[in-house]
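S.K.: Chains as they are written, first to last, in the numbering used here: chain A, 1 to 238; chain B, 1 to 238; chain C, 1 to 238; chain D, 1 to 238; chain E, 1 to 238; chain F, 1 to 238. By construction, the Cβ of each residue, glycine as well, lies at the ideal position given by its N, Cα and C atoms.
There are 6 protein chains.
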Amino acid sequence: MRPSGRDLSEMRPVSIETGVLKHAEGSCLVKMGDTHVLCTATIEDRVPPFVKGTGLGWVTAEYGMLPRSTGSRMRREAAVGKQGGRTVEIQRLIGRALRAGTDRVALGERQITVDCDVIQADGGTRCAAITGGWVALRLAVGKLMAAGDIVSDPLPDPVTAVSCGIYAGQPVLDLDYPEDSAAGVDGNFIMTGAGRLIEVQMSAEGATFSRDEMGTLLDLAAKGVGELAARQREATGA
Amino acid sequence: MRPSGRDLSEMRPVSIETGVLKHAEGSCLVKMGDTHVLCTATIEDRVPPFVKGTGLGWVTAEYGMLPRSTGSRMRREAAVGKQGGRTVEIQRLIGRALRAGTDRVALGERQITVDCDVIQADGGTRCAAITGGWVALRLAVGKLMAAGDIVSDPLPDPVTAVSCGIYAGQPVLDLDYPEDSAAGVDGNFIMTGAGRLIEVQMSAEGATFSRDEMGTLLDLAAKGVGELAARQREATGA
Amino acid sequence: MRPSGRDLSEMRPVSIETGVLKHAEGSCLVKMGDTHVLCTATIEDRVPPFVKGTGLGWVTAEYGMLPRSTGSRMRREAAVGKQGGRTVEIQRLIGRALRAGTDRVALGERQITVDCDVIQADGGTRCAAITGGWVALRLAVGKLMAAGDIVSDPLPDPVTAVSCGIYAGQPVLDLDYPEDSAAGVDGNFIMTGAGRLIEVQMSAEGATFSRDEMGTLLDLAAKGVGELAARQREATGA
Amino acid sequence: MRPSGRDLSEMRPVSIETGVLKHAEGSCLVKMGDTHVLCTATIEDRVPPFVKGTGLGWVTAEYGMLPRSTGSRMRREAAVGKQGGRTVEIQRLIGRALRAGTDRVALGERQITVDCDVIQADGGTRCAAITGGWVALRLAVGKLMAAGDIVSDPLPDPVTAVSCGIYAGQPVLDLDYPEDSAAGVDGNFIMTGAGRLIEVQMSAEGATFSRDEMGTLLDLAAKGVGELAARQREATGA
Amino acid sequence: MRPSGRDLSEMRPVSIETGVLKHAEGSCLVKMGDTHVLCTATIEDRVPPFVKGTGLGWVTAEYGMLPRSTGSRMRREAAVGKQGGRTVEIQRLIGRALRAGTDRVALGERQITVDCDVIQADGGTRCAAITGGWVALRLAVGKLMAAGDIVSDPLPDPVTAVSCGIYAGQPVLDLDYPEDSAAGVDGNFIMTGAGRLIEVQMSAEGATFSRDEMGTLLDLAAKGVGELAARQREATGA
Amino acid sequence: MRPSGRDLSEMRPVSIETGVLKHAEGSCLVKMGDTHVLCTATIEDRVPPFVKGTGLGWVTAEYGMLPRSTGSRMRREAAVGKQGGRTVEIQRLIGRALRAGTDRVALGERQITVDCDVIQADGGTRCAAITGGWVALRLAVGKLMAAGDIVSDPLPDPVTAVSCGIYAGQPVLDLDYPEDSAAGVDGNFIMTGAGRLIEVQMSAEGATFSRDEMGTLLDLAAKGVGELAARQREATGA
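#1: Measuring CA to CA, which of E/Arg-231, E/Asp-153, E/Thr-160, E/Val-118 is closest to E/Thr-131?
#2: How should A/Ser-15 be labelled, buried or exposed, when 16 other C-beta atoms within 10 angstroms of its C-beta is the threshold for buried?
#3: In whole angstroms, what is the alpha-carbon distance linking D/Leu-218 and A/Thr-216?
#4: According to a CB-to-CB cut-off of less than 7 Å, which residues of the region 73 to 103 of chain C neighbour chain E?
#5: Residue range of the beta strand (DSSP E) that E/Glu-227 falls in?
#6: For the region 128 to 147 of chain C, list every residue whose C-beta sits within 8 Å of some C-beta in chain B, in sequence order.
#7: Grouping DSSP H, G and I as helix and E and B as strand, with all else coil, what is B/Asp-180?
#8: Comparing the C-beta of C/Asp-246 with each C-beta of chain E, is any distance below 8 Å?
#9: Closer than 8 Å by beta-carbon distance: list the chain C residues that pair up with B/Ala-204, in chain order.
#10: Beta strand (DSSP E) containing C/Leu-38: first to last residue?
#11: Of the choices C/Val-135, C/Asp-149, C/Glu-199, whose alpha-carbon is the least far from that of C/Ala-230?
#12: Where are the alpha helix (DSSP H) runs, 4 residues long or more, that stay fully inside the region 28 to 109 of chain B, in chain order?
#13: Tell me the DSSP secondary structure of E/Leu-197 in three-state form.
#14: Using the three-state DSSP reduction, which class does D/Met-145 fall into: helix, strand or coil?
#15: Which whole-angstrom value describes the C-beta separation of F/Val-114 and F/Ala-61, a residue pair presumed to lie in contact below a C-beta threshold of 8 Å?
#16: With contact counted as at least three CB pairs below 8 Å, one residue from each stretch, are the region 64 to 82 of chain E and the region 174 to 187 of chain F in contact?
#17: Run through chain C and tell me which residues come within less than 9 Å of E/Asp-149, C-beta to C-beta.
#18: Of all the options F/Gly-5, F/Tyr-63, F/Val-141, which has the alpha carbon lying nearest to the alpha carbon of F/Cys-116?
#19: I'd like to know whether the C-beta of C/Asp-117 is nearer than 8 Å to at least one C-beta of chain E.
#20: Assuming B/Phe-189 and B/Ala-221 form a contact by the criterion Cβ under 8 Å, report the distance between their Cβ atoms to the nearest whole angstrom.
#21: In the DSSP assignment, what are the bridge partners of B/Thr-160?
#22: Please report the distance separating the alpha-carbon of E/Glu-10 from that of F/Ala-207.
#23: According to DSSP, A/Gly-26 sits in a beta bridge with which residue or residues?
#24: Who are the neighbours of C/Asp-34 on chain E, taking C-beta pairs under 8 Å?
#25: Look at A/Leu-175 and A/Ile-119 and say whether their C-beta atoms are less than 8 Å apart.
#26: Do D/Pro-154 and D/Val-141 have their CB atoms nearer than 8 Å?
#27: If you compare alpha carbons, which of D/Met-1, D/Pro-178, D/Leu-197, D/Gln-201 is closest to A/Leu-197?
#28: List the residues of chain D that F/Thr-18 touches, going by C-beta distances under 8 Å, in chain order.
#29: Could you name the residues of the same chain whose beta carbon sits closer than 6 Å to that of D/Ala-100, not counting the 5 residues immediately before and after it, in chain order?
#30: Could you check where the beta strand (DSSP E) with D/Ser-15 kicks off and where it finishes?
#31: Check the DSSP bridge columns for F/Ile-112 and list the partner residues they point to.
#32: If you measure from the beta carbon of B/Arg-211 to each beta carbon in chain C, is any gap under 8 Å?
#33: In chain order, what residues of the region 46 to 68 of chain C put their CB closer than 7 Å to some CB of chain B?
#34: Does E/Gln-91 pass the burial test, meaning 16 or more other C-beta atoms within 10 Å, or should it be called exposed?
#35: Per the DSSP calculation, A/Gly-165 is bridged to which residue(s)?
#36: For chain F, check one thing: does any of its Cβ atoms lie closer than 8 Å to the Cβ of E/Thr-113?
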């Protein structure tokens, strides 16, 4: 039995509230159970040097956790003077995933920065950040399209992420924090709404896994992504 | 006329929602118009070295702004690698103000860290942070008192802050961002609920002011603090 | 009785020696009792990005303390790798105060950087830095006027700062270190030579204060500023 | 056809030279084609705070590239003042992988730090670092066992890594730099010598992939890992 | 002819004023022409970890330049966030030189930190810092001896430094800034008052030199050191 | 007797292997006994700002030690977040020495960066870095000359470095680590192949030295430099 009483393949309640911040070109507050992440998208005319002159767009991401989003207070990275390894790893993943789902020709030579700030953490923050980050990105792109700045839709299909793992010997979908800390194997699965794979990260801490177990987790992930992508489409009116 | 259409001595709508985060010992989301600040209080047994062994408590604060809390995206301080001068100045002010309103003997040798994170900014974030920070602090102290860890109340009276300034030649209460950027003189007034002064910071940018003008702003501030302290008391059941 | 034996409204001996460094466009060594601050002004043609093209000038300041300016050695900020919160707060105050007293149109699109380095500290270093910083600034501006680079005087009236506080229950002028460390309330008052207010910073540490007490301290400050402004005028031949 | 003329499932020539540095407890120079990585293992009695008192061992890793290991010179991270995001991500991966293959009870409460420094880069440096890092770790552990400090072998089975990807529409094993930069999908597969999975990281840049393609790459990876594990066993006499 | 009109073997006017700062255990302001360096010595009971328990003393040094000690303003190292390479090199040299002249057994297990801050620079700041640093150190040690904390004198002979170089084809003593910037070869010579060598640093920038030229510069240096050591002895009453 | 059994004026076995890295324009692995340093030279079209437009070339250097090049593991400077004082001092020395031996007019307005990374340390790493650094530089320049980008040879004569010191009361050539740690006086001597001096750095730690002793060490150094320069010429075919 899962600590939350959920079925093995049952996700936590999901909600995606859009337009939560007045300044950002796109924003949402995504909640997956008690994991709450605020996502914003900012449109900028400048692009990184290595993109300049290519005509291609760029999508990048930054990630942070509020100091008291967690059970015991984390040190504020701005005060420490650098982003920790985990933060860097996660924000690189978010950026890579959103770029993979973006038609950079259609986006045109501009940059969109997606900020994902964890307000409250209960496992799965990177997946929530990707799922919500896509919504914010989609809303910002929607403004560009409405204004005629972009003609062809660069984001036809959601980018969606979910975690699965082996907890207490059982494959489970959408791990919360108590499951995440105890799981021998866990993975993050990033897919398109149509079910194509974008990124798979599976790792064992203190254990190993077989290809069969990997297949089972992929099945669970596909189910979760399907449910989440429906929510993303609702939230963005896509 | 003020850009918002408010009367000269009219505050923005204020709301203080408590208990918004499940992990923190005390938390609230304070809204002064479109300025939204999330405040949390964390109780720790350790105190800074210079307090150790004195039997006195310590209250400290950290402040941050989400990158897209503002009209154009700010660089994330964690990514830049240091807190900017304005951030440092503000968090020192918050800590000093809350300490001034705390009976450190009654608190006992423990530290409470108040985190104030600006979700959305529209002027007056430091005042909102102090007002909301006190609420979070009070809630955390309430838990310590309920548990019998503290016997005598170290926070008998709210610590409350409001800004006033001279905008378009007129003294106004509770400046929003359009007023703040145009004001020749503005001040932050931190008081106890009983109207005693804790800290006054008035400054002129491109102008100077007289003692009479200072007096007028103090009158306005006293009015604003009175209204805010009532809200703080409601929110904390004090 | 004050530790130094001074009357309540008696300043420490003040001296302002100008032209102490051969390279700087303006320089002075200001002494307020045992507090000694070396101030220099550097004229630069470049201005910060946000000023560029406005035709306005800019005045900024940096502040530092020599490691052994204090009773026990402070760690050198260059070796630590960053300026502490107190340093940042003070140098922002100095810059803001000097700008408030400068006619930025008359200055023209150039920057003057005022460096204030504390050689020896005995309380009131930020006030001495502002008072001496204005002298250095005035001397540098004098060179620009003598050379015909500036026609209209951008610094008609001194910017002057003094501290006052409540020490042992009594309002006192120009706190030295023993008074400063024990004062329940202390304030820094920045005024023009003509007595207009530029910035007021009053704070209570472990106490609160009333409007009446604030008024008494403002009276004391006005007296001190009058005496200091006379010295600034003498030193700069204004 | 692959740029190197290799068959789709053909690895580059592999060599593992051990004992290359006289000071380290374990060391090797691993070459996978033109990718050369120097790996060392250092035994320390101290463990990180979160391990202290558990009786468990700890394995951690650091990764670096010499500035001119690459086609154009990279800035030296020590001079820049921080490790880049890619470096941090890779060294966390190496540490996690080696820990997953270590019996931390058998290791006992000590730490082994594995340093992987890329002397020359031609794709697949992180995989070479894991494969060579395990050899250095094994040699260091061998010394501890020879000295009787460890009784039961904490490293019974190699930890081995190889990259696979889809290059020019074809699944290929062990990508070199020209392939890596052009591949639409690539993955790093970390396994035990016995073929159990430890970590899988697949990502698409500008493309997506199906479960079938994932399966094909896993087959290739298993072949490569088998060949590499044989070399690791030879090198360590296991 | 030298720009200053000095003879080839003529030093600039030297003065050493002691006791210039009231807080430091030893202090002096050393002037070699227009090069002015403020030196302080701070006695601390703690020693660095690698000295602890050896019974030996430790002498270390830090060096800094005020931003406007030079012709054009230097960036403040505390604001930049690190000490530059030149600063680091110089402060290591000062520490090494003073240690070489100290009987660390006689000093006993304590640390003395010598701070050398350049108030005004006109060439030869590192030599002035060593010469003045020894005076500050000697005065601090004098207090320890007067108090009976040290019995045997750990500083029997001055540590003294002077620069020499080849300027316009001629060997010259005590280079000022115009000479220093144009010299093809220059050297810093650190000796004891008795004429024993402690450290020699000679370097050619855009030239080379012979052993004969080296000999000539050593002769000049010996002359300069003799004159400086006399001043150091006067200043310290040794 | 020397720990290694060498004669007083006997160097360690020297080898210089060139072309060890495929990407660098010049590279070598220099071994002086157990001290192994990898040196590369990178040609860049950009020059530092202070050289721009002068028509002169620039040579600069960076130095690093692999964490386990030493008996006990050193902390990785990239992870610490800054280069230590010793590193900075050494890389400045290498750059200065190589520049002194370079005809910057002949080099033309381009920069060559020499990276020296210590793979294994056993004393004398900075001397090996200079000796090997010159070889890498020479090879890179050779490419420029072969391509006709440089017409006149900017490096006619090797830049060579060797250490000497007084160990156990005896002058010895080419100190290894056990000698280096115990030597009362040691020096680094940088010369041209023709025997002209470029830089001399002699220092005493816990001792002093006379001019006679300095002369003896210079004699030894000249012998060592002669032998090393022959090896540099062989390695570069000069």
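M.R.: Taking the coordinates as given:
#1: For the purposes of this step, residue 131 of chain E is identified with residue 131 of the fifth sequence, where counting begins at 1. Of E/Arg-231, E/Asp-153, E/Thr-160, E/Val-118, the residue nearest in Cα terms is E/Thr-160.
#2: On the first sequence, position 15 is the one that residue 15 of chain A refers to. So A/Ser-15 ends up on the exposed side.
#3: To locate residue 218 of chain D, count along the fourth sequence from 1; it is residue 218. To locate residue 216 of chain A, count along the first sequence from 1; it is residue 216. So the alpha carbons of these two residues sit roughly 15 Å apart.
#4: Against chain E - using a Cβ distance shorter than 7 Å - the residues of the region 73 to 103 of chain C are Arg-73, Arg-76, Glu-77, Ala-78, Ala-79, Gly-81, Lys-82, Gln-83.
#5: Position 227 of the fifth sequence, counting from 1, holds the residue named residue 227 of chain E. If you look at E/Glu-227, you'll find it isn't in any beta strand (DSSP E); it sits in the alpha helix (DSSP H) that goes 211 to 236.
#6: Residues passing the 8 Å Cβ filter: none.
#7: In the second sequence, counting from the first residue as 1, residue 180 of chain B sits at position 180. Here B/Asp-180 sits in helix by DSSP.
#8: Summary: the structure shown does not reach residue 246 of chain C, with chain C confined to residues 1 through 238, and so no result is reported for it.
#9: Along the second sequence, one-based indexing puts residue 204 of chain B at 204. Correct list: Ala-100, Leu-197, Ile-198, Glu-199.
#10: For the purposes of this step, residue 38 of chain C is identified with residue 38 of the third sequence, where counting begins at 1. C/Leu-38 -> beta strand (DSSP E) spans 35 to 44.
#11: On the third sequence, position 230 is the one that residue 230 of chain C refers to. Measuring C-alpha to C-alpha distances from C/Ala-230 to each of C/Val-135, C/Asp-149, C/Glu-199 identifies C/Val-135 as the nearest.
#12: As far as the region 28 to 109 of chain B is concerned, its whole alpha helix (DSSP H) runs of at least 4 residues are 77 to 80, 85 to 100, 104 to 107.
#13: Numbered from its first residue, the fifth sequence carries residue 197 of chain E at position 197. E/Leu-197: strand per DSSP, three-state reduction.
#14: By one-based count along the fourth sequence, residue 145 of chain D stands at place 145. Three-state result, D/Met-145: helix.
#15: On the sixth sequence, position 114 is the one that residue 114 of chain F refers to. On the sixth sequence, position 61 is the one that residue 61 of chain F refers to. Contact holds; Cβ gap of about 4 Å.
#16: Output reads no: the region 174 to 187 of chain F does not touch the region 64 to 82 of chain E.
#17: In the fifth sequence, the residue the question calls residue 149 of chain E occupies position 149. Those do not exist, as E/Asp-149 stays about 18 Å from chain C at its closest Cβ, beyond 9 Å.
#18: Along the sixth sequence, read from residue 1 onward, the residue named residue 116 of chain F stands at position 116. In terms of Cα proximity to F/Cys-116, the closest of F/Gly-5, F/Tyr-63, F/Val-141 is F/Tyr-63.
#19: Numbered from 1 along the third sequence, position 117 holds the residue referred to as residue 117 of chain C. Look at C/Asp-117: its C-beta is under 8 Å from a C-beta on chain E.
#20: Translated into positions along the second sequence, residue 189 of chain B becomes position 189. Translated into positions along the second sequence, residue 221 of chain B becomes position 221. Between B/Phe-189 and B/Ala-221 the beta-carbon gap is near 4 Å, inside 8 Å, which marks them as a contact.
#21: The sequence position of residue 160 of chain B within the second sequence is 160, counting from 1. Bridge partners of B/Thr-160: B/Met-191.
#22: For this step, residue 10 of chain E is matched to residue 10 along the fifth sequence. For this step, residue 207 of chain F is matched to residue 207 along the sixth sequence. Computed Cα separation, rounded: 29 Å.
#23: By one-based count along the first sequence, residue 26 of chain A stands at place 26. DSSP, once it has assigned bridges, lists A/Ala-41 as partnering A/Gly-26.
#24: As a first step, residue 34 of chain C is located in the third sequence; it is residue number 34 there, counting from the start. Taking the beta carbon of C/Asp-34 as reference, the chain E residues within 8 Å of it are Lys-22, listed in sequence order.
#25: Taking the first sequence and counting its residues from 1, the one referred to as residue 175 of chain A is at position 175. Taking the first sequence and counting its residues from 1, the one referred to as residue 119 of chain A is at position 119. Going by C-beta atoms, A/Leu-175 is not nearer than 8 Å to A/Ile-119.
#26: For the purposes of this step, residue 154 of chain D is taken as residue 154 along the fourth sequence, with counting starting at 1. For the purposes of this step, residue 141 of chain D is taken as residue 141 along the fourth sequence, with counting starting at 1. With a cutoff of 8 Å on beta-carbon distance, D/Pro-154 and D/Val-141 are scored as near each other.
#27: Counting from 1 along the first sequence, the entry for residue 197 of chain A is found at position 197. When only C-alpha atoms are compared, the closest one is D/Gln-201.
#28: Here the question's residue 18 of chain F lines up with position 18 in the sixth sequence. The premise fails here: F/Thr-18 is roughly 14 Å from chain D at the closest Cβ pair, so nothing lies under 8 Å.
#29: Walking along the fourth sequence from the start, residue 100 of chain D turns up at place 100. Taken in chain order, the residues that qualify are Ile-198.
#30: What you label residue 15 of chain D is simply residue 15 of the fourth sequence in a count that begins at 1. Counting along the chain, D/Ser-15 sits inside the beta strand (DSSP E) bounded by residues 14 to 18.
#31: Here residue 112 of chain F is taken as the residue at index 112 of the sixth sequence, counted from 1. In the DSSP output, where bridge partners are listed per residue, F/Ile-112 has F/Ile-43, F/Val-59.
#32: For this step, residue 211 of chain B is matched to residue 211 along the second sequence. For B/Arg-211, the answer is yes, since a Cβ of chain C falls inside 8 Å of its Cβ.
#33: Within the region 46 to 68 of chain C, no residue qualifies.
#34: Within the fifth sequence, the letter at position 91 stands for residue 91 of chain E. That one is buried.
#35: Sequence index remark: in the first sequence, residue 165 of chain A carries index 165 (1-based). Listed as beta-bridge partners of A/Gly-165 by DSSP are A/Val-172, A/Asp-186.
#36: Residue numbering aside, residue 113 of chain E sits at position 113 when the fifth sequence is read from its first letter. At a cut-off of 8 Å, the C-beta of E/Thr-113 has no neighbouring C-beta in chain F.
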